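Enquirer: The sequence shown begins at 41 in our numbering and counts up by one.
C-beta: ideal position from N, C-alpha, C; glycine also.
A quick note: this is a predicted structure, and the numbers were derived from the prediction, not measured.
Let me give you the structure first, and then I'll get to my questions.
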Amino acid sequence: MSNKVIVVGSGNAALCAGIAALEQGAQVLMLEKADEALAGGNTKYTAGAMRFAYDTSADLIPLLRNPDDPRVPKTDFGQYTAQKFEADLLGFNEGRPLSTEQRYLIDQSGKAMAWLATHGVTFEPIYSRQSFEKDGRHIFWGGLTLAAMNEGVGLFDMELAAFERLGGEIRYGSGVTGLIQSGGKVTGVSVGDEAIHADAVILASGGFEANADLRAKYIGPDWTKAKVRGTPHNTGDGLVMALGAGAAEYGLYHGCHATPMDLHMADYGGLDLDPGERKNYRKICYFLGVMVNALGERFVDEGENFRNYTYAQFGRAVLEQPDHFAWQIFDSKVFDLLYAEYRFHDAHFVEADSLDALIEKLDGVDINAATATLQDYNNAVDDSTVFDPTILDGKSANLPLPKSNWAQKIDTGPFRAFPVTGGITFTYGGLKVSDQGAVVDTSSAPIPGLYACGELVGGVFYGGYPGGSGLTSGAVFGRNAGRHAGGSDPGRA
Ligand SMILES: Cc1cc2nc3c(=O)[nH]c(=O)nc-3n(C[C@H](O)[C@H](O)[C@H](O)COP(=O)(O)OP(=O)(O)OC[C@H]3O[C@@H](n4cnc5c(N)ncnc54)[C@H](O)[C@@H]3O)c2cc1C
């Protein structure tokens, strides 16, 4: 008889777990808290970008929906080796060695992509956001090259189609409220008054980013003010249930992915927008200009590294400024390079013909201090180096707080400034899982019948995040949890 597996959630991690369990011959029921429109969780809000190790562009071609795209032969995808992925993660680990989870993520990243492709999930190069044109060629600069066709919604649609093709069942509007336990084993879940029994339960219900109380408890009091970039449904239910069943807390609970966002966006992300417009609240082109806070001061090195390596940290930096906001300031030299979200119909900005006039329009900012900051910055710009956004160009503003790359004078009108705050994307603290994907208790023993994957897995991210790793992590840990939960003896874990 086949195993019965319940998967809690319906995002990328849940669907990968479900598909992998079905491959093992299990019967799979997916329970999703949201209604059908908001099913798919944060996954649907994403750009679908996925980071994985590859040695040559030949590794990418089998993953593409359209390998005959005429741009492909004129593209330098470079390579993104396992060693580079390691170095990128280590760069954020604040002195920690690579964790077991990080090693597993790197090792399985390319394999998970190839596995997804066997299930009809296809990808396209991220020309608009991860490459710049140079001498007639498309140069990818950050090791992040592919996104699912039609972004996060496309990823969800393709994975759900594969899940249903293999016989998986999904129920919407079915928030799991409890775990059923018997003899030390998890034997099912409650959905309100209804009890549903199973041989294994896989928690794939996301982090606690949409729960203001848990944010305040674990990350800090400022975080009640954060915007939530994605779904309102990731309120930490799975985490709380697992901890209640004896699971150990694992990973960096005060860590999270947070990005500069439009100060005036709604409290949660909007799924009601067309693909491509969905991320219109995100504002991550600070590397092309400067950011000032209410005191009129810069507070980060905007050109410290490619934005894939800074955007997930700078949301925190903005949120921690006085009154939790900042302004991003640009001149017309870079308007064409700003991502589309800076030009969307509901992007908030002020504009002026002179820099002084622009500074006057910066609500909440100390005008004299901001004027001095901008003057100092312009005076410090190294004019001898050529601006080149495809590389770390070393064109710097040499100040006590430098801008290390892409520092151009802000001197050519018109000028624009965009108000931003910090938006939380997902949380880093979670559960410890065994090599088989089972949730581990406080004595390091697996809890029989209970598995976890996706944002719920701790130990994957610490001080920061190389863009595009979250979906890959969901695919890698989801596939592993599903394979074992759907296998011959899930209760043993
Ligand atoms: C705006 C935005 C853009 C992003 N862009 C990228 C990107 O391009 N690349 C990348 O790698 N990562 C990106 N991320 C991060 C990425 O979304 C996450 O890493 C990933 O989607 C998490 O997948 P998951 O399956 O763990 O969670 P989710 O996709 O969030 O799924 C969790 C699901 O669980 C459901 N749920 C919650 N509680 C319950 C319950 N009690 N019962 C039943 N169901 C429940 C939720 O409704 C949700 O559907 C982005 C995130 C956001 C918000």
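Could you pull the DSSP bridge partners for residue 231 from this structure?
Expert: For residue 231, which the question treats as bridged, DSSP gives the partners 234.
Enquirer: Taking 6 angstroms as the cut-off, is the CB of residue 209 close to at least one heavy atom of ligand 1?
Expert: No; taking the cut-off as 6 angstroms, the Cβ of residue 209 has no heavy atom of ligand 1 nearer than that.
Enquirer: Helix, strand or coil for residue 259, going by three-state DSSP, please let me know.
Expert: Residue state, collapsed to three classes: coil.
Enquirer: For the alpha helix (DSSP H) that residue 195 lies in, which residues bound it at each end?
Expert: Unbroken alpha helix (DSSP H) run through residue 195: 191-205.
Enquirer: Could you tell me whether any non-hydrogen atom of ligand 1 is closer than 6 angstroms to the CB of residue 85?
Expert: At least one heavy atom of ligand 1 is nearer than 6 angstroms to the Cβ of residue 85, so yes.
Enquirer: Can you tell me which of the three DSSP states residue 212 falls into?
Expert: In the structure shown, residue 212 sits in coil (DSSP, three-state: anything other than H, G, I, E or B).
Enquirer: Give the DSSP-derived three-state secondary structure of residue 166 in the structure shown.
Expert: It is coil, neither helix nor strand.
Enquirer: Excluding sequence positions up to five away, which residues of its chain have a Cβ less than 6 angstroms from the Cβ of residue 458?
Expert: Result list for residue 458: 323, 368 and 389, in chain order.
Enquirer: Can you tell which of 41, 44, 55 and 46 has the C-alpha that lies nearest to the C-alpha of residue 494?
Expert: Among 41, 44, 55 and 46, the Cα nearest to that of residue 494 is on 55.
Enquirer: Is it the case that the segment 132-145 contacts the segment 494-504, given that we only count it when at least three CB pairs across the two stretches are under 8 angstroms?
Expert: They touch, by the three-pair rule.
Enquirer: May I ask you to report which of helix, strand or coil DSSP gives residue 144?
Expert: Three-state result, residue 144: helix.
Enquirer: Cutting at 8 angstroms between CB atoms, please list the residues of its own chain near residue 396, excluding the five before and the five after it.
Expert: These residues qualify, in order along the chain: 411.
Enquirer: Which one of 290, 268 and 203 has the shortest CA to CA distance from residue 57?
Expert: For residue 57, the nearest C-alpha among the options comes from 203.
Enquirer: Just tell me which of 67, 240 and 245 has its CA closest to the CA of residue 214.
Expert: It is 245 whose Cα lies nearest to the Cα of residue 214.
Enquirer: Could you tell me the distance, in whole angstroms, from the CA atom of residue 491 to the CA atom of residue 477?
Expert: Distance between the alpha carbons of residue 491 and residue 477: 6 angstroms.
Enquirer: Please look up how many angstroms separate the CB atoms of residue 441 and residue 338, rounded, as I've assumed it's under 8 angstroms.
Expert: Contact flag correct, Cβ pair sits at about 6 angstroms.
Enquirer: Within this structure, are the beta carbons of residue 88 and residue 235 separated by less than 7 angstroms?
Expert: Cβ atoms of residue 88 and residue 235: not closer than 7 angstroms.
Enquirer: In chain order, what residues of the same chain have a beta carbon less than 7 angstroms from the beta carbon of residue 144, not counting five sequence neighbours either side?
Expert: Closer than 7 angstroms at the Cβ level, and outside the excluded window around residue 144, lie 516.
Enquirer: Unbroken beta strand (DSSP E) runs of length 3 or more, entirely within the segment 477-501: which are they?
Expert: For the segment 477-501, whole beta strand (DSSP E) runs of length 3 or above, ordered along the chain, are 478-480 and 486-492.
Enquirer: If we ignore side chains and look at the alpha-carbon of each, how far apart do residue 533 and residue 210 end up?
Expert: Model confidence at residue 533 stands at a pLDDT of 44, short of 50, so the residue's coordinates are unreliable; what they give is reported in the following sentence. About 24 angstroms.
Enquirer: What residues in its chain sit with their C-beta under 6 angstroms from that of residue 336, if we drop five residues either side in the sequence?
Expert: Here the set comprises 405, 406, 409, 410 and 413.
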